[in-house]
DNA sequence: AGGCTCAAACAACATAGGTTATACGCAACG
DNA sequence: CGTTGCGTATAACCTATGTTGTTTGAGCCT
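Chains as they are written, first to last, in the numbering used here: chain A, 1 to 253; chain B, 254 to 506.
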């Protein structure tokens, strides 16, 4: 079990929200200076954790709210006997802990895949945003509904797609999401997932995940080696999966 | 394909929100008279559809927002070749069409299982609520996150639980949800699902769903006959599934 | 009454995916 | 510089679940 200890608590040089690197992305909906200033006021800290850190503990009371500033993480639920389901992968700009604030206990766990940097928001007065900045409150709702869409797609995959389709859909989606965040450079994406993660996200066994990846590789739909995803045949993957990753401007809190 | 034609458009006697039968339930969080009046103003119609009606069409632009006042429905997604995944079941008090309003197109379909009555809200000025009634906006966010929790649980089921556990978990959850809405009387619940619906919700084939139901029946965990669920051994189901249906006060929009 | 349709039940067989086990390469570490 | 641990690969075998097809019974239309 990884501990909760910060790794490089670079609190000396926190990123000012106005200069947030995410806000320069074309896929991020711009905010007014006013709104950004409000967010800045709410932001209490910037914390960095190392890979494999348990950021939110399943079933624990936890009212902290974060935005993932950089790095990858995932949400998961597990069964008492150890079976685990990864619910979704979290990329920069994603909210962490909304459920923990809304409900008595966090209904799922969150774990980092890479070194992650989180923007932490005030524990108490978070809901001021609903009174003071309705547009930002709307954005939070939007992000929540957006997450729901990913879950719908995941449920469709796990429930009704074959192993081949599942793996192809997931890689296509992650490729697209990462692309919109500027994480793909020169046609290469650093994908910090082990095959076990992919298996847990898709309801497959690690062995079958491996077999399936081999097939897709042999069909030259992508190259996945040493944590690097490249030579992605997007058209081929779309044809195989009949899945079109959503492409739209998203808000950032 | 069922058409969109209203069945008993009892627009003559719409339910006033102050007298909404759902608001008398202990599981529903009360609102201030002010808030209820606002909701009443937003409500434009009350529409009744018959069983099997397609309420929201998958992939269609649809900005209508409803609350399910009475009856059962389900959200689903399907693949081009006809495979279908039921994402969640909708019971009275659940919001329909939030995603359709937030995104360009409805990412999923909604179909009624029974005769349903919907409260329809103004097409345009829905987002006034964020400016004028922050507390209600918060409630909408809560409902959205709540739906996400059901999806998380569903994903865990379909991805990692056995067929036996899946069916047991689903029936336990529906039993609990329906109970909180006062739909269980004298230990009997009218469950308007065919085995095919259960199969589509759990990522199983109809045949295997049938087999699994037989096993659970033989273990006397419940009686399910002619659309009636009764003699539910809640403790037994909890033991088998290690699942505790959430029990909490929820808002109503 | 006869003939639909639909949900449920059940049987026989087929297979996608799970399980267990072994091996290999590589980085971290004492 | 051996050892340990981890991720990946692959083989052999196994089983939970899918598929196809038939039967029964309850409504429902004509």
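From the three backbone atoms N, C-alpha and C, an ideal C-beta is built for every residue, glycine too.
Under 7 Å by beta carbon: chain A residues contacting residue i
i	result
residue 330 (chain B)	152 and 156
residue 361 (chain B)	152
residue 355 (chain B)	142 and 145
Run of the alpha helix (DSSP H) containing residue i, from where it starts to where it stops
i	result
residue 77 (chain A)	Premise fails: residue 77 (chain A) lies in the beta strand (DSSP E), 73-78, not in any alpha helix (DSSP H).
residue 210 (chain A)	206-218
residue 150 (chain A)	134-160
residue 201 (chain A)	195-202
Three-state secondary structure assigned by DSSP to residue i
i	result
residue 302 (chain A)	Residue 302 (chain A) cannot be examined here, being either before or after the span of chain A that is shown, 1 to 253.
residue 163 (chain A)	helix
residue 183 (chain A)	coil
residue 130 (chain A)	helix
residue 496 (chain B)	coil
residue 82 (chain A)	coil
residue 422 (chain B)	helix
residue 277 (chain B)	helix
residue 109 (chain A)	strand
residue 488 (chain B)	helix
residue 9 (chain A)	At residue 9 (chain A) the pLDDT is 44, less than 50, meaning the model places this residue with poor confidence; the figure from the coordinates comes in the next sentence. Reduced to three states, the DSSP call for residue 9 (chain A) is coil.
residue 475 (chain B)	coil
residue 314 (chain B)	coil
residue 510 (chain B)	Look at the range of chain B in this structure, 254 to 506, and you will see that residue 510 (chain B) is not part of it.
residue 257 (chain B)	Residue confidence is low: residue 257 (chain B) scores 32 on pLDDT, short of 50, so the model does not pin down where it sits. Its coordinate-derived value is still stated next. Of the three classes helix, strand and coil, the one that applies to residue 257 (chain B) here is coil, per DSSP.
Beta-carbon spacing of residue i, residue j below 9 Å
i	j	result
residue 293 (chain B)	residue 274 (chain B)	no
residue 363 (chain B)	residue 158 (chain A)	no
residue 280 (chain B)	residue 474 (chain B)	no
residue 64 (chain A)	residue 123 (chain A)	yes
residue 500 (chain B)	residue 438 (chain B)	no
residue 340 (chain B)	residue 404 (chain B)	yes
residue 80 (chain A)	residue 495 (chain B)	yes
residue 237 (chain A)	residue 193 (chain A)	no
residue 141 (chain A)	residue 48 (chain A)	no
residue 267 (chain B)	residue 290 (chain B)	no
residue 276 (chain B)	residue 283 (chain B)	yes
residue 295 (chain B)	residue 381 (chain B)	yes
residue 336 (chain B)	residue 160 (chain A)	yes
residue 508 (chain B)	residue 156 (chain A)	Outside the shown range of chain B (254 to 506) lies residue 508 (chain B), about which nothing can therefore be said.
Boundaries of the beta strand (DSSP E) in which residue i is found, first to last residue
i	result
residue 101 (chain A)	Where residue 101 (chain A) is concerned, there is no enclosing beta strand (DSSP E), although the alpha helix (DSSP H) it sits in stretches over 98-102.
residue 299 (chain B)	296-302
residue 91 (chain A)	Residue 91 (chain A) -> no beta strand (DSSP E), and no H or E assigned at all.
residue 228 (chain A)	228-230
residue 189 (chain A)	188-190
residue 285 (chain B)	It is not in any beta strand (DSSP E) - residue 285 (chain B) carries neither H nor E in the DSSP assignment.
residue 117 (chain A)	116-121
Per-residue contacts from residue i into chain A (C-beta, under 8 Å)
i	result
residue 377 (chain B)	Per Cβ cutoff of 8 Å: no residues; residue 377 (chain B) is ~15 Å from chain A at best.
residue 384 (chain B)	134
residue 346 (chain B)	Here the premise fails: no neighbours, minimum Cβ distance about 17 Å.
residue 292 (chain B)	Correct list: empty, because the minimum Cβ distance to chain A is about 17 Å.
residue 338 (chain B)	155, 156, 159 and 160
residue 333 (chain B)	242
Contact list for residue i against chain B, beta-carbon separation under 8 Å
i	result
residue 45 (chain A)	Residues of chain B passing the Cβ test: none, with the nearest at roughly 24 Å.
residue 148 (chain A)	352, 397, 400, 401 and 404
Proximal chain B residues relative to residue i, where beta-carbon distance stays under 7 Å
i	result
residue 217 (chain A)	None at all; the shortest Cβ gap to chain B is about 24 Å.
residue 327 (chain A)	Shown here, chain A extends from 1 to 253; a query on residue 327 (chain A) therefore has no answer.
residue 203 (chain A)	411, 412 and 413
Under 9 Å by beta carbon: chain B residues contacting residue i
i	result
residue 111 (chain A)	Simply none; closest approach about 15 Å.
(request) Determine, using beta-carbon pairs with one atom in the segment 462-482 of chain B and one in the segment 343-358 of chain B, whether at least three such pairs fall under 8 Å. (result) Here the segment 462-482 of chain B does not lie against the segment 343-358 of chain B, with fewer than 3 beta-carbon pairs under 8 Å apart.
(request) Could you say if the segment 134-149 of chain A and the segment 50-60 of chain A meet the contact criterion of at least three C-beta pairs nearer than 8 Å? (result) With a cut-off of 8 Å on Cβ pairs, the segment 134-149 of chain A is not in contact with the segment 50-60 of chain A, counting fewer than three such pairs.
(request) Evaluate contact between the segment 117-126 of chain A and the segment 410-425 of chain B, counting only Cβ atoms and requiring at least three cross-stretch pairs below 8 Å. (result) With a cut-off of 8 Å, the segment 410-425 of chain B and the segment 117-126 of chain A do not count as touching, because too few Cβ pairs lie within range.
(request) For the segment 483-495 of chain B and the segment 446-461 of chain B, state whether three or more C-beta atom pairs, one from each stretch, are separated by less than 8 Å. (result) The segment 483-495 of chain B vs the segment 446-461 of chain B: no contact.
(message) Whether or not the segment 392-400 of chain B and the segment 94-102 of chain A are in contact is what I'm after, with contact meaning three or more pairs of Cβ atoms, one per stretch, closer than 8 Å; do they touch?
(response) Contact between the segment 94-102 of chain A and the segment 392-400 of chain B is present, with at least three C-beta pairs closer than 8 Å.
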